[in-house]
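Some notes on the structure that comes next.
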Amino acid sequence: MTATSARGDAVVLAVDVGGTHVRSAAVAQGGAVSHRSRRRTPPDARDLVQAVLACVHDTASQLRLSGGLTPDAVVVAAPGPLDRTAGAIEASANLGAPRVALLEPLRAALSLPIVVEKDVDVAAFGEREFGAARGADDFAYVTVSTGIGAAIVLGGRLVTGAHGLAGEIGHAPVELDGPPCACGNRGCLETLAGGAGIARAARAAVTDGAGGALAQLDDVEAIDVAHAAAAGDAAAEAIITRARAAFAAGMVSLVNAFDPALIIVGGGVARGLGEPLLEDARQAVARHAYGAAARATIFRAAALGDDAGLAGAAAVVRAWGV
Ligand SMILES: [Zn+2]
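In the working numbering, the protein residues as written are 154 to 475.
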C-alpha cells in the first residue's frame, strides 16, 4: 500500500450546460481538464437530460478506457435561475426550454454523488482555485455571454440569497426607458450589454436603415458587431459604446452593493469586447463608486476561458464537501 489516497488521483466528471452545447470532461484535483465530450443543446427539456447523460457516459467510458478510472462525483454547471434544492433549471430565457429537472433523472441513471450548481458559481470557484481570483475571499465573477450574471463570494462563501437569485445583475435596470427585456422590464443590463441584446440592437439598426458593415451580415452576433465597431463602423460603434457604458454602470452598482476587492469578468462576449470593456468599468467605478476603497476595486479578465465551468467542478466538490 502507498500513502496515495484514492482522492489523490480522484477525478470529477464535470458537465457544462450551455446555450449552444452541453459539454463534459474529467477534471483532476489540480483543475486539468481531459476526456471531453459534447452535444448540441436540444430545445426540449427531456432531450436536454438525454444530452447530459450521453455526455456523462461518453466521458465516463473514456476514463474507463484510459486506466480504469472512475469519477468520484458528477458536477453539472447549469444556467440560472436554478432551483438548487430540486436541482432544476427554472424557465431560462437563454436556454429556450421551460423548467428542466436535472438532479432526479441523473440520480436515477447514475450511482455517483451529483451536484447541480449555477454555471457562474462553478466558474467563480474555478477562477478562485485555478484562475484569476486565486486566494480571493471577497470577489465577484461576472459573465457576459448571451446574458449577464454574477456570482458573489463574500468571506470565502458563495452568496446565493433567499431564493437562489443573488447575482442576477443582468436584470439590473441601467436605462429605465431602454429596450424591453425577456423578464418583462425595460433597460436591463443584459438587454444592452449581453450578446443577445447587442445582436438585437444591430438587427434593429439595420431595419432602421443603417448601412455599412452591419447590413452585410446574414446572422449577426455580438462578436460581429464588436469587430465592425473596431473597424470603425459608426452604427456598430454606437451599439458597443452603449453596451460598455451600461456594463460600467452595472459594475458601479455591483461594487456599491457588495464591496468586492476584485471583479473577474468572463464569458464569450466579454472576451470579444476585450480590454476596453474592463477599462470603462474601472474608470466608472473610480469616478462613481461610493467610498475611496471601493473606487479602487480591481477588474481582471477571467483566466480559464470556456473551461471555467468545467474546471470549477473540482473546486465545487472540495468547497461543498461532496
Ligand atoms: Zn431583464
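The beta carbon of each residue, even a glycine, is placed where N, CA and C say it ideally should be.
Can you list, in chain order, the residues of its chain with a C-beta nearer than 6 Å to that of residue i? Leave out the 5 residues immediately preceding and following it.
i, result
"residue 332", "344"
"residue 279", "457, 461, 464, 465, 468"
"residue 205", "168, 175"
"residue 240", "255, 256, 269"
"residue 190", "177, 208, 211, 212"
"residue 480", "The structure shown does not extend to residue 480, since the chain is modelled only from 154 through 475, so no value can be given for it."
"residue 313", "319"
"residue 421", "298"
Does residue i come out as helix, strand or coil in the three-state DSSP assignment?
i, result
"residue 362", "coil"
"residue 244", "coil"
"residue 237", "coil"
"residue 429", "helix"
"residue 226", "strand"
"residue 259", "helix"
"residue 166", "strand"
"residue 478", "Residue 478 lies beyond the range of the chain shown here (154 to 475); nothing can be said about it."
"residue 382", "helix"
"residue 367", "helix"
"residue 270", "strand"
"residue 201", "helix"
"residue 341", "strand"
"residue 214", "helix"
"residue 191", "strand"
"residue 186", "strand"
"residue 157", "At residue 157 the pLDDT is 30, less than 50, meaning the model places this residue with poor confidence; the figure from the coordinates comes in the next sentence. In this structure, residue 157 counts as coil in the three-state DSSP scheme."
"residue 394", "helix"
"residue 444", "coil"
"residue 373", "coil"
"residue 206", "helix"
"residue 456", "coil"
Alpha carbon to alpha carbon, how far is residue j from residue i? Give it in angstroms, no decimals.
i, j, result
"residue 334", "residue 214", "42 Å"
"residue 201", "residue 253", "8 Å"
"residue 165", "residue 236", "22 Å"
"residue 155", "residue 198", "At residue 155 the pLDDT is 28, less than 50, meaning the model places this residue with poor confidence and gives no usable figure here."
"residue 258", "residue 251", "16 Å"
"residue 348", "residue 277", "20 Å"
"residue 170", "residue 296", "15 Å"
"residue 244", "residue 172", "13 Å"
"residue 163", "residue 455", "26 Å"
"residue 412", "residue 340", "24 Å"
"residue 260", "residue 423", "35 Å"
"residue 459", "residue 330", "34 Å"
"residue 418", "residue 346", "13 Å"
"residue 399", "residue 308", "28 Å"
"residue 285", "residue 415", "10 Å"
"residue 302", "residue 342", "10 Å"
"residue 228", "residue 293", "21 Å"
"residue 263", "residue 475", "15 Å"
"residue 188", "residue 223", "12 Å"
"residue 233", "residue 446", "31 Å"
"residue 433", "residue 219", "47 Å"
"residue 196", "residue 362", "33 Å"
Select from the options the residue whose C-alpha is nearest the C-alpha of residue i.
i, options, result
"residue 448", "349, 454, 437", "437"
"residue 290", "203, 304, 298", "304"
"residue 311", "270, 369, 349, 347", "270"
"residue 319", "422, 273, 374", "273"
"residue 453", "443, 439, 435", "435"
"residue 321", "300, 340, 392", "300"
"residue 429", "316, 397, 298", "397"
"residue 185", "401, 342, 422, 283", "283"
"residue 425", "415, 391, 375, 440", "375"
"residue 221", "228, 179, 194, 203", "179"
"residue 389", "234, 242, 358, 401", "358"
"residue 402", "384, 380, 431", "431"
"residue 231", "194, 218, 266", "194"
"residue 470", "203, 216, 265", "265"
"residue 350", "363, 379, 362, 369", "379"
"residue 306", "233, 218, 281", "281"
"residue 315", "238, 275, 360, 369", "238"
"residue 242", "219, 384, 317", "317"
"residue 395", "360, 371, 369, 327", "327"
Leaving out five residues on either side along the sequence, give the residues of the same chain with a beta carbon under 8 Å from the beta carbon of residue i.
i, result
"residue 160", "Any answer about residue 160 is weak, because its pLDDT of 42 lies below 50 and its placement is not dependable; what the coordinates show is given next. 182, 225."
"residue 442", "405, 408, 409, 448, 450"
Could you check if residue i belongs to the surroundings of ligand 3, using beta carbon to heavy atom distance under 7 Å?
i, result
"residue 435", "Judged by which ligands are present, ligand 3 is missing from the structure shown, whose ligands are ligand 1."
Keeping to the same chain, check which residues put their C-beta closer than 7 Å to that of residue i; ignore five residues upstream and five downstream.
i, result
"residue 386", "365, 366, 367"
"residue 406", "325"
"residue 373", "352, 355, 356, 367"
"residue 473", "268"
"residue 440", "none"
Open item on the list: Please enumerate, following chain order, all residues with a beta carbon closer than 6 Å to at least one heavy atom belonging to ligand 1.
Closed with: 324, 334, 336, 338, 341
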